[in-house]
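A.B. asks: The structure is given below, and queries will be raised subsequently.
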Amino acid sequence: MSEAPHRHAGSSALRAAETPVPEPAERKLRCAARGIEKSFGATKILRGVDLEIPEGTFAVLVGPSGCGKSTLLRLVAGLEQADKGTITLAGRDVTNLPPRDRDVAMVFQSYALYPHLTVRENLAFGLKLRGTPAAEIESRIREASAMLGLEKLMDRLPKQLSGGQRQRVAMGRAIVRRPTIFLFDEPLSNLDAALRAEVRVEIRRLHDRLGATTLYVTHDQVEAMTLADSLWVLNGGLVEQKGPPLEIYERPRTKFVATFLGSPQMNLVAGKLSKEGGAFWAEGGGVRTRVDEERFGDALVEGREVTIGVRPHDLCLAKGDAPIVAELKVEIVEALGSEAFAHGWIRSSGPTFVARLDAADARSVRPGSAIPLAAAPSAIHLFDAKTDRALGD
Amino acid sequence: MERSRAGRALHALLAVLAIVATILFAPACSEPPRGVVLWHPYRGGEEAALKKVVARFEAERGVKVTTLAVPYEAYLSKLEAAIPRGNGPDVFIGPHNRLGEYLLHKLVAPVGDALPDEDVPAYEPVTVDAVTHEGVRWAVPLASKCVALYWDTRLLSEPPRTLEELAAKKGALGAGVWPLAYESHSAYYHAALLHAYGGALFDGGFAMIGPAAERSLEKARELVTSGAAPDEASGDLLKTLFSTGKVAAVISGPWLAADLSDDLPYAVAPLPEIEGVGRMRPFLTVDGAFLSPDGAKREDARALARALGSSESARERAETGKQVVATRAYWARADGERPAADDRHAALLRAFRDASADAIPMPVSTAMNPVWVPAEQAIRKVLRGDATPKDALAEAKARYDDVMRPPPPSPSPAPLVIMIGLGLLAAAVAIVRRVRAPGFRRELEASKPAYKYVAHAAITIFVLVVLPLLAGAVTSFFAGTRDDPRFVGLANYVDILTARGKPLLSHGSFYLTLLVTVAWTVVNVTLHVAIGLALGVALARPMLRLRAVYRVLLILPWAVPSYVTALAWKGMFHRQFGAINALLATLGVEPISWFSKFSTAFTANVATNVWLGFPFMMVVVMGALTSIPKDVLEAAEVDGATRWQAFRLVTLPLLKPTLLPAVVLGSVWTFNMFNVVFLVSGGEPDGTTDILVSEAYRWAFARNSQFGYAAAYAVIIFGLLAIMSRVLGRVGGGEAKEAAS
């Protein structure tokens, strides 16, 4: 979980090597949802959501449970009907069409394989229903099974497969359909951690190979960061922020997005802006740091109440004459080998605080000791104390 | 250690045996009660009168009398169980026509000085005749029962003299009012007509044959076809019709009076004459005080029996108990007294007494019992117009003779012994091979403690299931009646499987009945599954409003005892008064006589059984549906399936593993669904809708107690069901196991 940005960098390098992806804005929209509202009984799940997925894009909906991301996916699939708003797929208004007329394929969290059918029959099911000629079915199945390494499993029943194999069959069932859009509903959450990382890469690879358009729902920020071309962070039935994942990671527009993405979470303390010697400082809860005037610009007003945010990864042990941002009373040190996390607090009444340390630095840190921390001003995030929106946006 | 454990086990076993022995033999060992024990089937006024009579006897003689009221339905079996063990009554009151059975089971002794020669003139001669069998008097006659004519004094000014005069009133009585009603399908009631023509039901064999019997049937049919009397009238229906003024006269016994309101203006008269033939003469049954073999030896018991018949007690029984007493003195005195004008009960009793003068005592032989069923089948056939009286009666006679055929000769038991021997040998070989198998000893040793835990269940199952099964199987090697069983080897099976020498698909043959049973099972189970599936799926829809209400309503048919439902449906299928024909009438359909044709009778049975059976399948389907993951159905939807395709290609195959055992179970239940067949169509018409199990029942209980023959039927049914379950289980079992994930 902790290696999100690194993995992201790795997988985007991999992507670039396989197919050059043009910028989303230049491409045609494959899926669009406008002003979607949906309630279940008295509970409002979606409160006016817009969604745009250009052709060939891997779009990821991410958010905490109950944010409406799965509902939005099911609305696109046609498994639910929107109360308000329209959905178009490949330019066709499908708002009132049943799933079978939408030409979508979906991979379910539980895989939802037909338990009474063999792998081959599972793959052929949708094609047969659409009256695809037998030869065509055969060739598509062969292609998909080769792609997914399912050849040896074709005559098995789902219960004779492992979790990972079932997952691949579920993807195969989607692939053979060659749909307008692939829909994934938390497809990795039933797999163990090691397998999850493996399949994650495979999904992205397949997407690129097929030139598919994908809408993927997850609550796992690692999946969200590593897979997405465009990331949609949902919260409370609204899109909180959308954009390329790194951009969102680096410039979260709200306190919610800032804390939701990144692990361990961004450290937050309440503070105030002050001006000293022509430079703006943010100060509070034992933290005192310069801020990036260029980034925040006019939003910097002396005396403004703010929330100061700094990611654990942007902190380090203050060495030499680097300005000390805060002094951490260490409670626990989590040593991961390549790096370490020091958990503790700045002030005993304040929130817990986490800092990433280099493995070498961490060796000398003992629980109970106090360590000085430094951070670059550019790594400091500021949010309005009242609206929780990022300053400067 | 081992020894003490074994010792404890032995003690436990002995304790269990002791308890069982106590339960089994306690009544036999208990002290014989002092005084005299009297059993009777009376209720209400009759019981009150008896108590008074007994109290007087006790006071006069200083003897304690213990009276016990035993329900009539259980009377004979209780007597049979108690008297041979020595804890039965000394004196018991019962109908004289059961004498054949009493004699057969040695339940009675001659009354001796309880009815000495000097007492005989004190009784109505016909009643003494009734209790006399082969020159010996077996009971003190107490009261007689026969049917008479109840007539509505609003509709008729005087009792009709002849049947024709009554029948001619049709039309003059007003719309929808019948001149006469009687249980025309019952041989007991028909006997009055039969006797008028000089015929008889029984003369040591089946006697309802010949011109007199034919003419009596023609007369009965004429009554029905001319509209003078309703067809298919049951006792309850008669009561309703008469109470509501829909019929001018009904033929019934004293029991009807108890059910009629006191406000109803009616009177009772002896049965009318048949023009140019003679008076209708009903059967007479006489309640007598019988002595058990033990009781006959006791002076007190004989004195009680004599006292029960005396003229003092007769007065009590007549006035409190409303009995038509057998004592002439009572009637002589009553004739002398001026009857009070409003003493309706006195008039009623007098009318029944007058009716009894012409009545014919019911024969007492046990060979009489198998007469009723073929006689009634012939009556129904003629009334329906399915056969001429001559043909119907010839067929009835043939059936009687078939039932009464002598048991096959006792063969050498060698083939059976050899078969059983081979079977045991095979079992022994199997056991030895099993024991020799490597690891068997170790397994046995390891599972030893487990036997202790299952022992009680195994013993219970052995006693309650295996033993009766074996007893039934053994019975099937015997023929003859219960009291005279003879070993016949496999002759019963041979008889059944060769249709007793008649064509294999002839009426009542095993194969024809098997065909009907298979058709019955297939049609029912198919409908059960189809309806259960449809409703189960409909009720599983989460959006359905009032779902819980529907669910409860639809499960209700299951919650009602099946015989109650069966009787209700039988009533609904009544030709003239049933709800179904009434419903069809509103659609302009002619009333259907449901039980007069195989197709309609079968349909009626199926309708009833489907009503009873679909809730089970529905509940199974509802349960199974909840186990189908919702997202699999959604996956099918996304894959392009229509609702129907999703149901057929996904839901149905996934229901299969659950449905199959239910289908097997349902098939076994339906195959043996005795209640519905017996109560709704009762095999009508003419036994064609009987299934194997109801046919087996008839051989055991309606056809001269041929238990061996019935047991052979039961063993064959058991075999068929065992094979069927096995095959069905195998057909679906493999797939089911595969598909369950």
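Protein chains in written order, with my numbering: chain A, 1 to 393; chain B, 394 to 1134.
By construction, the Cβ of each residue, glycine as well, lies at the ideal position given by its N, Cα and C atoms.
1. Could you tell me if Pro22/A is buried or exposed, where buried requires 16 or more neighbouring beta carbons within 10 angstroms of its beta carbon?
2. Can the beta-carbon of Pro98/A be found closer than 8 Å to that of Ala77/A?
3. Of all the CB atoms in chain A, is at least one closer than 8 Å to the CB of Gln1099/B?
4. Suppose contacts are defined by Cβ-Cβ distances below 8 Å. Is Val1013/B in contact with Leu1052/B by that definition?
5. Quick one: which chain B residues come within Cβ less than 7 Å of His207/A?
6. Which ranges does the alpha helix (DSSP H) cover as unbroken runs of at least 4 residues, wholly within the stretch 772 to 850 of chain B, from first to last along the chain?
7. With H, G and I counted as helix, E and B as strand and the rest as coil, what does DSSP make of Arg253/A?
8. So with CB distances below 8 Å, who are the chain B contacts of Ser274/A?
9. Buried or exposed: which applies to Glu424/B, given that a residue is buried once 16 or more other Cβ atoms fall within 10 Å of its Cβ?
10. Can you tell me whether DSSP reads Ile1084/B as helix, strand or coil?
11. Are Gly243/A and Ser230/A touching if we call contact CB-CB under 8 Å?
12. Mind listing the chain B neighbours of Gly164/A? Cutoff is C-beta to C-beta under 8 Å, in chain order.
13. Short check: CB of Ala810/B to CB of Leu684/B, under 8 Å?
14. Could you check which residue in Ala1028/B, Gly1006/B, Val484/B, Leu928/B has the C-alpha nearest to that of Lys1061/B?
15. Can you give the Cα-Cα distance for Pro245/A and Leu234/A, rounded to whole angstroms?
16. Comparing the C-beta of Ala1028/B with each C-beta of chain A, is any distance below 8 Å?
17. What does the alpha-carbon distance come out to for the pair Arg389/A and Ala90/A?
18. Is there a Cβ of chain A sitting closer than 8 Å to that of Pro1046/B, yes or no?
19. Taking only beta-carbon positions, decide if Thr914/B is within less than 8 Å of chain A.
20. Using DSSP with H/G/I as helix, E/B as strand and the rest coil, what is Asp1135/B?
21. Would you kindly work out how many angstroms separate the C-alpha atoms of Pro514/B and Arg1096/B, rounded to a whole number?
22. At a Cβ threshold of 8 Å, is Lys1019/B touching chain A?
23. With a threshold of 7 Å (Cβ to nearest heavy atom), would Arg835/B be considered close to the ligand MN?
24. What residues in the stretch 122 to 144 of chain A bring their beta carbon closer than 7 Å to a beta carbon of chain B?
25. Rank Ala561/B, Tyr495/B, Val540/B, Cys539/B by C-alpha distance to the C-alpha of Leu549/B and give the top, closest one.
26. Going by the CB atoms, is the gap between Ile175/A and Met147/A shorter than 8 Å?
27. When you compare only the Cα positions, how much space is there between Val859/B and Leu469/B?
28. Fully enclosed by the stretch 217 to 262 of chain A, which alpha helix (DSSP H) runs are 4 residues long or longer?
29. Could you work out which residues of chain A lie near Thr1051/B, taking near to mean beta carbons separated by less than 9 Å?
30. With 8 Å as the threshold, decide whether the Cβ of Val1043/B is near any Cβ in chain A.
31. Are three or more beta carbon pairs between the stretch 928 to 939 of chain B and the stretch 1087 to 1095 of chain B nearer than 8 Å?
32. Per DSSP, what are the beta-bridge partners of Tyr516/B in this structure?
33. Check whether the Cβ of Met171/A lies closer than 8 Å to any Cβ atom in chain B.
34. Rounding to the nearest angstrom, what Cα-Cα distance links Ala326/A and Ala144/A in this structure?
35. Following the continuous alpha helix (DSSP H) through Ser706/B, name the residue where it begins and the one where it ends.
36. Give the interface partners of Gly1033/B over in chain A, defined as CB-CB distance under 7 Å, in chain order.
C.D. replies: In terms of the structure at hand:
1. Residue placement at Pro22/A is poorly supported in this model, since its pLDDT is 48, which falls under 50; the coordinates still yield a value, given next. Flag for Pro22/A reads exposed.
2. no
3. no
4. yes
5. By Cβ distance, chain B contributes nothing, its closest Cβ being about 18 Å from His207/A, past 7 Å.
6. Complete alpha helix (DSSP H) runs here, min 4: 782 to 796, 807 to 829.
7. Here Arg253/A sits in coil by DSSP.
8. The premise fails here: Ser274/A is roughly 56 Å from chain B at the closest Cβ pair, so nothing lies under 8 Å.
9. Because the pLDDT of Glu424/B is 48, which lies under 50, any placement of that residue in the model is unreliable, and the question is left without a value.
10. In the three-state scheme derived from DSSP, where H, G and I count as helix and E and B as strand, Ile1084/B is classed as coil.
11. yes
12. What Gly164/A touches in chain B: nothing, since even the nearest Cβ is about 17 Å away.
13. It is Val, not Ala, that sits at residue 810/B in the sequence shown. No. Outside cutoff.
14. Position check: residue 1061/B holds Val in this sequence, whereas Lys was assumed. Ranking the options by Cα distance to Val1061/B, first place goes to Gly1006/B.
15. 13 Å
16. Taking Cβ atoms only, chain A reaches closer than 8 Å to Ala1028/B, which makes this a yes.
17. 35 Å
18. yes
19. no
20. In the structure displayed, chain B extends from 394 to 1134; residue 1135/B sits before or after that span and is not available.
21. 39 Å
22. It is Thr, not Lys, that sits at residue 1019/B in the sequence shown. Cβ-Cβ to chain A under 8 Å: no for Thr1019/B.
23. In the structure shown, the ligand MN is absent, as is every other ligand, since no ligand is present at all.
24. For the stretch 122 to 144 of chain A, which is checked against every Cβ of chain B, the residues closer than 7 Å are Phe125, Gly126, Leu129, Arg130.
25. Ala561/B
26. In contact: Met147/A and Ile175/A (Cβ atoms closer than 8 Å).
27. 28 Å
28. The stretch 217 to 262 of chain A contains these whole alpha helix (DSSP H) runs: 221 to 227, 245 to 250, 255 to 260.
29. Within 9 Å Cβ-Cβ: nothing; Thr1051/B doesn't reach chain A, min ~12 Å.
30. yes
31. no
32. Thr720/B
33. no
34. 55 Å
35. 704 to 712
36. Below the 7 Å Cβ cutoff, chain A contributes Arg100, Gly126, Leu129, Arg130 as neighbours of Gly1033/B, in chain order.
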